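Take a look at the structure set out below.
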Amino acid sequence: MKILLVDDSRTMRNIWKKVLSAMPGTECFEAGDGLEGLNAITEQGPFDLMLVDWNMPNMDGYTMITKVRTSDKTTPIIMVTTEAEKPRIIEALKAGVNNYVVKPFTPDVLLQKIEETLKKAGQLT
Ligand SMILES: [Mg+2]
């Protein structure tokens with residue numbers, strides 16, 4: 000399974016990668032902002048799952064997702080937010096996000112959200 004991790008924090012991407020290493024057969028790709036994320040989709044996609052941070056320089060996660068969804072309606076996307084963005088999560092769900100995780104999260108919560116999202120998308124039985 001190819002997973003795209005989009006976050007401006009390298010530390011956060013490393014945490015995700017560590018958590019995802021618990022899932023067999025995952026291959027992680029990384030991007031540091033929304034623009035890099037869109038480039039990664041063009042150059043290395045399609046992906047089976049995307050984890051996208053909300054706050055990033057150059058292009059934020061919300062903008063990136065609205066752009067992705069103009070052509071790709073199906074790839075599961077999990078938005079990673081802080082408490083501060085939580086009131087805006089409805090907007091993100093309307094824009095086509097499948098699920099969300101609020102920072103800080105435990106590895107268990109992240110894995111659970113990923114499984115739940117993939118199951119709903121029919122990619123995991
Ligand atoms: Mg950020």
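Sequential numbering from 0 applies to the sequence shown in numbering that gives the first Met the number 0.
For glycine and all other residues, C-beta sits at the position ideal for the given N, C-alpha and C.
Bear in mind the structure is a predicted one, so any value in this text is a computation, not a measurement.
query, result
"Reference Arg-9; option with closest CA among Val-18, Glu-29, Leu-37, Lys-118", "Glu-29"
"Minimum C-alpha distance to Val-67 - residue among Lys-112, Val-101, Leu-50", "Leu-50"
"Ser-8 Cβ short of 7 Å to ligand 1 heavy atom set", "yes"
"Close-in-space but distant-in-sequence residues of the same chain around Thr-147 (CB under 6 Å, 5 per side omitted)", "Since the first residue shown for the chain is 0 and the last is 124, residue 147 is missing from the structure and cannot be characterised."
"Beta-bridge pairing of Asn-98 - partner residues as DSSP gives them", "Ile-77"
"Contact test: Asn-54 Cβ vs ligand 1 heavy atom, cutoff 7 Å", "yes"
"In DSSP terms, what Val-51 is bridged to", "Val-5, Met-78"
"Residues near Thr-133 by beta carbon distance below 8 Å, same chain, minus five either side", "Residue 133 is absent from the model: the chain starts at 0 and stops at 124."
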